[in-house]
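Numbering (this note's numbering), first residue to last: 11 to 239.
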């Protein structure tokens, strides 16, 4: 039995994920694909917007969802091979792209110290989360066979609680800042205005499993020609 999705939602999601990964081009899954699958299993509406994600991706039963999906393949190790091995594991996820530039005056990107800039980032995130989202929905992908799913209420963070520093990894005119101490709770890079949050995967997260049955491109084209127009 699912803890975050109903049994019926899990079954339908697995069917749709299996279909997608059976396609000859289903090598990886872009966010909009999962957003549409999620909207379908929830009986909701997909926004279809790619405007730096301030708006909810899906609205279902009056609930505004910000929908996230990331691959966990980079974290596979001898200790962590299957989805169940990642329960309780912590992972950095891009949760938003806050329009921090709207809060900065000319040259402030480089003139502000890291903690002042970090406070602007958290303020921008808090505004997005409080005004636009009711739930954050997270799906982590593992080897195109297993998926970890959970939801949370959007946290609103105390801006004054965190200390920031420059990460030393910025390139060109960009700026990367992170919170201290390690492991960093938050990271932000001005290139793309990507705001990362360190999440702990719940031990009761739902695990979805699929067994794709690959179509060749010729088989897919043959099926398409059989469909009446």
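Here a beta-carbon is modelled for each residue, glycine too, at the ideal position from N, C-alpha and C.
Would you kindly work out how many angstroms separate the C-alpha atoms of residue i and residue j, rounded to a whole number?
i           : j           : result
residue 33  : residue 184 : 38 Å
residue 206 : residue 82  : 15 Å
residue 173 : residue 67  : 31 Å
residue 3   : residue 35  : Absent from the model: residue 3. The displayed extent of the chain is 11 to 239, so no value can be given.
residue 103 : residue 191 : 18 Å
residue 85  : residue 236 : 42 Å
residue 189 : residue 27  : 36 Å
residue 213 : residue 13  : 10 Å
residue 127 : residue 164 : 22 Å
residue 124 : residue 187 : 6 Å
residue 138 : residue 47  : 24 Å
residue 52  : residue 70  : 6 Å
residue 129 : residue 146 : 22 Å
residue 265 : residue 95  : Limits of the chain in this structure are 11 at one end and 239 at the other, which puts residue 265 out of reach.
residue 21  : residue 11  : 11 Å
residue 195 : residue 98  : 16 Å
residue 87  : residue 25  : 28 Å
residue 140 : residue 153 : 34 Å
residue 144 : residue 226 : 41 Å
Taking buried to mean at least 16 other C-beta atoms within 10 Å of its own C-beta, is residue i buried or exposed?
i           : result
residue 178 : exposed
residue 151 : buried
residue 76  : buried
residue 182 : exposed
residue 223 : exposed
residue 45  : buried
residue 37  : exposed
residue 230 : exposed
residue 57  : buried
residue 40  : exposed
residue 193 : exposed
Using CA coordinates, which residue listed in the options is at the minimum distance from residue i?
i           : options          : result
residue 19  : 79, 188 and 49   : 49
residue 42  : 59, 180 and 54   : 59
residue 180 : 197, 166 and 168 : 197
residue 73  : 55, 121 and 40   : 55
residue 200 : 39, 99 and 106   : 106
residue 209 : 234, 78 and 39   : 78
Please tell me whether residue i and residue j are closer than 8 Å, where the distance is taken between their beta carbons.
i           : j           : result
residue 29  : residue 23  : no
residue 134 : residue 149 : no
residue 110 : residue 203 : yes
residue 136 : residue 65  : no
residue 211 : residue 80  : no
residue 132 : residue 167 : yes
- Query: At a cut of 8 Å, does the region 210-220 reach the region 154-172 through at least three beta carbon pairs?
  - Reply: yes
- Message: Below 8 Å, how does it come out for the region 112-131 and the region 78-92: are there three or more Cβ pairs, yes or no?
- Response: no
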